[in-house]
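Asks: The structure is given below, and queries will be raised subsequently.
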Amino acid sequence: MAGRVATLLALVLAAGAVADATPVRIFAVGPKQRLADALTYQTFADKMAALVDGAFPGRPTLVQAGVDDVASHLFPTDPAAPPRALVVFPEDVGLAPALIGTRGGVARSQASSVGAIVSLLVAYGGPEAYYDGKFPGQPAVRLLGLALTDTLYRSFYETFRNLAVAHGVYLAATANIAPARRVEEAVEPALVAQLRDPDEPARGYAYEAVSPFPRNTTFVFTPDGSVLVPDGQGGTLRGPLETGGVIRGST
Numbered sequence: 001m002a003g004r005v006a007t008l009l010a011l012v013l014a015a016g017a018v019a020d021a022t023p024v025r026i027f028a029v030g031p032k033q034r035l036a037d038a039l040t041y042q043t044f045a046d047k048m049a050a051l052v053d054g055a056f057p058g059r060p061t062l063v064q065a066g067v068d069d070v071a072s073h074l075f076p077t078d079p080a081a082p083p084r085a086l087v088v089f090p091e092d093v094g095l096a097p098a099l100i101g102t103r104g105g106v107a108r109s110q111a112s113s114v115g116a117i118v119s120l121l122v123a124y125g126g127p128e129a130y131y132d133g134k135f136p137g138q139p140a141v142r143l144l145g146l147a148l149t150d151t152l153y154r155s156f157y158e159t160f161r162n163l164a165v166a167h168g169v170y171l172a173a174t175a176n177i178a179p180a181r182r183v184e185e186a187v188e189p190a191l192v193a194q195l196r197d198p199d200e201p202a203r204g205y206a207y208e209a210v211s212p213f214p215r216n217t218t219f220v221f222t223p224d225g226s227v228l229v230p231d232g233q234g235g236t237l238r239g240p241l242e243t244g245g246v247i248r249g250s251t
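Taking the numbering used here, the leading residue of the sequence shown gets 1, the next gets one more, and so forth.
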């Protein structure tokens, strides 16, 4: 954990072009993985928001009593806090969202991970067919990882990006996910219809994987909602604006 935080801190400092001596308040947030938090996109977003903000409506029903928050320890609410903060969520905090929605309903009822994976393979047949054509020859579980791209970016990516913006913090979170791009319905309606979660038929966009390799990936979100990406020269780029529209992780 210490090594991971040091790596993330280096990215944050590089992004701001500041010296190592710049103070950064660091928070480690450790939520329990619960199926109840992955019923819908809203339940997942609410749980993560409640962990960060002690004033979040209904927090006592979402977070264990006595658990501290992040928001009350941020500047300017806490005048003694430095302006810069890094909030670190644990590895695989983006795992449960794979079970979100109607397509994850059978998986959520399974008693084993094997049963859950098999049921998801069936439920995501449409997106799997698309990615099998786009990236032929992928093994079944990897194909499922690709098929989950829209679900995971809609839940994991949007939830933590929005939290970073709402609280003005750098935020690190991890998911098993492929690099992706956002596709607009106005431009590519057939593709959006094929990849978008059928639970959200009015959503005017979807996320498409642009690589056949979902990986265990940490995203470091900035206070403006960008993802910090190393530029290979000791600095950083802010995706997707400076990465050709591709959303990819930081490490």
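Beta carbons: idealized from backbone N, C-alpha and C, even for Gly.
#1: Who pairs with TYR207 in a beta bridge, going by DSSP?
#2: Pull the bridge partners of PHE160 from the DSSP assignment, please.
#3: Is it right to say SER155 is buried, meaning 16 or more other beta carbons lie within 10 angstroms of its own, or is it exposed?
#4: Considering only the alpha carbon of each residue, which of ILE117, PRO189, VAL114, ILE100 lies closest to LEU152?
#5: Tell me the DSSP secondary structure of ILE100 in three-state form.
#6: Quick one, which of LEU191, THR159, ARG25, PRO136 has its alpha-carbon nearest PRO79's?
#7: In three-state DSSP terms, what is TYR130?
#8: How big is the Cα-Cα spacing for GLU208 and ALA28?
#9: Which word fits LEU241, buried or exposed, when buried means at least 16 other C-beta atoms lie within 10 angstroms of its C-beta?
#10: Expressed to the nearest angstrom, what Euclidean distance is found between the alpha-carbon atoms of ASP199 and THR102?
#11: At 3 residues or longer, and completely inside the region 36-87: list those beta strand (DSSP E) runs for me, N to C.
#12: If contacts are defined as beta-carbon pairs under 8 Å, then THR174 and THR217 qualify, I think. What distance do you get, rounded to the angstrom?
#13: Would you give the residue range spanned by the beta strand (DSSP E) that PRO230 belongs to?
#14: Rounded to whole angstroms, what is the Cα-Cα separation between PHE75 and GLU188?
#15: Tell me which residue opens and which closes the beta strand (DSSP E) that THR218 is part of.
#16: By DSSP's criteria, ALA28 is part of a beta bridge. Which residues make up the other side?
#17: Determine the extent of the beta strand (DSSP E) in which LEU171 is found, giving its start and end residues.
#18: Excluding sequence positions up to five away, which residues of its chain have a Cβ less than 7 Å from the Cβ of VAL141?
#19: Assuming LEU191 is part of the beta strand (DSSP E), what are its boundary residues?
#20: Would you call the CB atoms of PRO254 and ALA186 closer than 9 Å?
#21: Starting from THR22, follow the alpha helix (DSSP H) in both directions and report where the run begins and ends.
Replies: Quick answer:
#1: ARG182
#2: Partner(s): none; PHE160 has no beta bridge.
#3: buried
#4: ILE100
#5: coil
#6: ARG25
#7: helix
#8: 31 Å
#9: exposed
#10: 7 Å
#11: none
#12: 7 Å
#13: 227-230
#14: 42 Å
#15: 215-221
#16: VAL88
#17: 170-177
#18: ILE117
#19: Per DSSP, LEU191 belongs to no beta strand (DSSP E); it is in the alpha helix (DSSP H), 189-195.
#20: Because the chain is modelled from 1 through 251, residue 254 falls outside the range shown and cannot be assessed.
#21: Run containing THR22: none; DSSP gives neither H nor E here.
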